[in-house]
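Numbering (our numbering), first residue to last: 223 to 470.
Structure, rendered in structure tokens:
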């Protein structure tokens, strides 16, 4: 899931940009969630960590460039794309807030699509995104912890495993295991665009975490060894090779 924020005090322009971003995301088959903000203060206070932020440089009574700097300090992985009718702000915006790009209003759809592709379309950048899981349980020390909403960086997830006896899915990271409810079909639909592939029934692997493949066994970079079904060998190896190629 790509979390997007659009911040503009001009609601008409905000809605136009939102429609354009939605069209591009749908075209690229990238799952997304878009939140609207009419002030920079509300955006900075938001609890959500965004992957991509579209930020107007001139927001009523606020300095968009300063807002961008605060967003960058909050999470340096967030890609900030400024938009403004005043192109002389471009260099200051890029330098002071570590902005990813600058688009001049009125925004051209082809340039917008180009910047979206640049910011989130490659596999290694997708690995920096975050994904949500609801009603999650895990063990901390000897205590069972329950969270209504767990947000994990995609890059931290090693693999998912369906636990048949519990009818639950286990999320395995390098440091923790989590249990929650979702169907494997729904999970595959969410995670395959983000660099995950099915190695055998009941497993979904982060291909960026694969260390080695030996016949019908997969060595993960956390040291675990997972099965690879014979009928999936060719397709799985192709997906891993595709990931390596796109990461170069």
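Here a beta-carbon is modelled for each residue, glycine too, at the ideal position from N, C-alpha and C.
Starting from residue i, trace the beta strand (DSSP E) both ways and give me its first and last residue.
| i | result |
| --- | --- |
| residue 223 | Element bounds for residue 223: n/a, residue is neither H nor E. |
| residue 164 | Past the edges of the chain, shown from 223 to 470, lies residue 164, and the structure says nothing about it. |
| residue 440 | 439 to 442 |
| residue 393 | 390 to 395 |
Starting from residue i, follow its DSSP beta bridges and name the residues at the other end.
| i | result |
| --- | --- |
| residue 303 | 276 and 323 |
| residue 464 | None; residue 464 has no bridge partner. |
| residue 359 | 368 and 401 |
| residue 458 | DSSP, once it has assigned bridges, lists no residue as partnering residue 458. |
| residue 238 | Per DSSP, none; premise fails for residue 238. |
| residue 255 | 225 |
| residue 428 | 418 |
| residue 328 | Note: residue 328 sits in no beta bridge, so no partner. |
| residue 447 | 441 |
| residue 354 | 373 |
| residue 232 | Per DSSP, none; premise fails for residue 232. |
| residue 289 | In DSSP, residue 289 forms no bridge with anything. |
| residue 435 | 440 |
Rounded to the nearest angstrom, how far is the Cβ of residue i from that of residue j, given a contact under 8 Å?
| i | j | result |
| --- | --- | --- |
| residue 303 | residue 224 | So it is not a contact: roughly 13 Å between Cβ atoms. |
| residue 399 | residue 391 | Going by Cβ atoms, the distance from residue 399 to residue 391 rounds to 11 Å, so no, they are not a contact pair. |
| residue 289 | residue 277 | 6 Å |
| residue 355 | residue 333 | So it is not a contact: roughly 35 Å between Cβ atoms. |
Residue i to residue j, Cα distance in whole Å?
| i | j | result |
| --- | --- | --- |
| residue 229 | residue 246 | 18 Å |
| residue 444 | residue 379 | 11 Å |
| residue 336 | residue 351 | 19 Å |
| residue 367 | residue 361 | 6 Å |
| residue 388 | residue 403 | 9 Å |
| residue 418 | residue 453 | 17 Å |
| residue 436 | residue 255 | 38 Å |
| residue 232 | residue 300 | 23 Å |
| residue 447 | residue 382 | 13 Å |
| residue 259 | residue 236 | 9 Å |
| residue 460 | residue 287 | 43 Å |
| residue 412 | residue 428 | 13 Å |
| residue 405 | residue 328 | 43 Å |
| residue 430 | residue 457 | 15 Å |
| residue 263 | residue 291 | 12 Å |
| residue 462 | residue 420 | 11 Å |
Comparing C-alpha positions only, which one of the options sits nearest to residue i?
| i | options | result |
| --- | --- | --- |
| residue 270 | 287, 241 and 226 | 226 |
| residue 422 | 434, 460 and 439 | 439 |
| residue 281 | 405, 272 and 265 | 265 |
| residue 272 | 285, 386 and 293 | 293 |
| residue 451 | 425, 462, 433 and 432 | 425 |
| residue 395 | 375, 386, 385 and 410 | 375 |
| residue 167 | 297, 326, 322 and 330 | Residue numbering for the chain in the displayed model covers 223 to 470; residue 167 lies beyond these limits and cannot be assessed. |
| residue 285 | 306, 298 and 296 | 306 |
| residue 357 | 339, 325, 401 and 340 | 401 |
From what residue to what residue does the alpha helix (DSSP H) around residue i run?
| i | result |
| --- | --- |
| residue 453 | First-last for residue 453: undefined, no H or E at that position. |
| residue 376 | Looking at the DSSP string, residue 376 is not in any alpha helix (DSSP H), and its letter there is neither H nor E. |
| residue 412 | 406 to 413 |
| residue 267 | 262 to 267 |
Closer than 7 Å: is that where the CB of residue i sits relative to any heavy atom of the ligand SAH?
| i | result |
| --- | --- |
| residue 374 | Annotation note on the ligand SAH: not contained in the displayed structure, which lists no ligands. |
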